[in-house]
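Top line first, the protein sequences correspond to chains X and E. Going by the working numbering, the letters in the first sequence line up with residues 7 to 183, in that order. Going by the working numbering, the letters in the second sequence line up with residues 7 to 183, in that order. To keep things clear, I will list the structure first and then write my remarks on it.
There are 2 protein chains.
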Amino acid sequence: LPIVGVEDGRFQKGKAAKTVLVAVLFKNLHIEDVKLTSITVDGLDATAKLKEMLTEWSFEVILLAGISFAGFNIIDPILIHEKFQKPVIVVTRKKPDNNAVRKALKKHFNDWKMRFEVFEKTGLPYKKITFTSKSAIYFKAFGASDQWTFNLVRALSFLGIVPEPLRVARLIARGLS
Amino acid sequence: LPIVGVEDGRFQKGKAAKTVLVAVLFKNLHIEDVKLTSITVDGLDATAKLKEMLTEWSFEVILLAGISFAGFNIIDPILIHEKFQKPVIVVTRKKPDNNAVRKALKKHFNDWKMRFEVFEKTGLPYKKITFTSKSAIYFKAFGASDQWTFNLVRALSFLGIVPEPLRVARLIARGLS
């Protein structure tokens, strides 16, 4: 099952205008290819940039490490699912909290409503996968059932609590930034 | 066995002044970490940059995808071996040809003797590993026996003819440049 993992790089708040967005293509649990683009910190280009990055690959599932990248540059999982007609799974290590998101957006963005809409329409609650009493991840699937997604995410998290394509995308993105 | 793979990125001749140098740390055949730096095209900084990159990691073997990176920016495998006291293995897909190297260096570099010295002291011939009648790789080990190295390189080349840490380092480096 060819699976894509998408993660962003670090950046210094107020200092960097851009950071990296990394996509890793996994096949049979090995890296098959890597792509990189740059996205604007707190910008609005992440969804379009991701669509562009993925056009040349064949894959069956996309894993996103959250909804906001490079600050509050939002990737809309529903638009990505509609574009590629493949399941899109948002996976996060922190429990999603839309109230906190709304507050932060309101404080910093004039266009906060537009950004918040994506959080709202992709909806809570997320499903939880508990690994130990202290470690869990949360996921939300678009275009696949919860049970199927639960099994997939669990099977991919064989080296820790993060599914392997996201773990590797993160290592690469952090190695670069 | 923690193993490092080192590969460079692409660059446009005459256009780019820099390209990336990627180091990937493998443990139990999975990526453990990734580091990136930039090196000067045809510069003299690759050996020092690699030393710097590797100081924070623990590893037992270093695989280098050749001796010259970013054009003719040379990584001296003997200096790397001396610094870390671990086997350094140079792996190439093309049969090394020091006469061609000498010619190219003489034509383009005033300091060609200094650069060529590394090719000369690291010596030919390389050992060959034949996979099929049409595919083979060449290696040269510093700090390990040919037989040990042959077995290691073969064991690491389970997804093709290139040892896995170098295959992945290459995918990352090419994805970035």
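Cβ atoms here follow ideal geometry from the backbone N, Cα and C, with glycine treated the same way.
- Annotation: Cβ neighbours of X/G181 in chain E (cutoff 9 Å, chain order): V28, A29, V30, D39, V40, K41, L42, I178.
- Take X/S163, set aside five residues on each side of it, and the residues of its chain with a beta-carbon closer than 8 Å to its own are I135, F137, I143, P169, E170, in chain order.
- Collapsing the DSSP output to three states places E/G11 in a strand.
- The way I'd put it, the region 88-104 of chain X doesn't touch the region 44-51 of chain X; fewer than three beta-carbon pairs between them come closer than 8 Å.
- Rounded to the nearest angstrom, the Cβ distance from X/I178 to E/I9 is 17 Å, too far for a contact under 8 Å.
- For X/L60, the closest Cβ of chain E is not nearer than 8 Å.
- Around the Cβ of E/N79, a 10 Å sphere holds 16 or more other Cβ atoms; the residue is buried.
- According to DSSP, E/A147 shares a beta bridge with E/I95.
- Here E/P93 is near E/G149, since their CB atoms are less than 8 Å apart.
- In this structure, the CA atom of E/Y132 is about 17 Å from the CA atom of E/F122.
- Using a Cβ-Cβ distance cut-off of 8 Å, the region 57-74 of chain E and the region 30-49 of chain E are in contact, since at least three pairs of beta carbons, one from each stretch, lie closer than that value.
- Annotation: the region 65-149 of chain E contains the following complete segments of the alpha helix (DSSP H) (minimum length 4 residues), in chain order: 83-90, 104-114, 118-128.
- With fewer than 16 other CB atoms across the displayed protein chains lying within 10 angstroms of its CB, E/L7 is exposed.
- Within chain E, H36 have C-beta atoms less than 7 Å from the C-beta of X/L165, given in sequence order.
- At a cut-off of 8 Å between beta-carbon atoms, X/V174 makes contact with chain E.
- If you look at X/A52, you'll find it in the alpha helix (DSSP H) that goes 52-60.
- Inter-residue distance for X/V159 and E/R16 is about 34 Å (C-alpha atoms, whole angstroms).
- In the three-state reduction of the DSSP assignment, E/I178 falls in the helix class.
- The beta carbon of E/S74 lies closer than 7 Å to those of I80 in the same chain, with the five residues before and after it left out.
- Sorting E/T25, E/L70, E/S139 by C-alpha distance to the C-alpha of E/A76 places E/T25 at the top.
- Around the C-beta of X/G20, fewer than 16 other C-beta atoms lie within 10 Å, and the residue is accordingly described as exposed.
- Counting of Cβ neighbours within 10 angstroms places X/G181 among the buried residues, the total reaching 16 or more.
- For E/A161, the enclosing alpha helix (DSSP H) stretches over residues 152-162.
- Beyond the five residues adjoining it in sequence on each side, X/W118 comes within less than 8 Å, by CB distance, of R108, L111, K112 in the same chain, given in chain order.
- When the alpha-carbon of X/L69 is set against those of X/S183, X/T155, X/G166, X/V124, the nearest one is in X/T155.
- A residue is called buried once 16 or more other Cβ atoms fall within 10 Å of its Cβ, and E/L130, having fewer, is exposed.
- Taking X/D152 as the centre and dropping the five residues before and after it, the same chain places the C-beta of K133 closer than 8 Å to its C-beta, in chain order.
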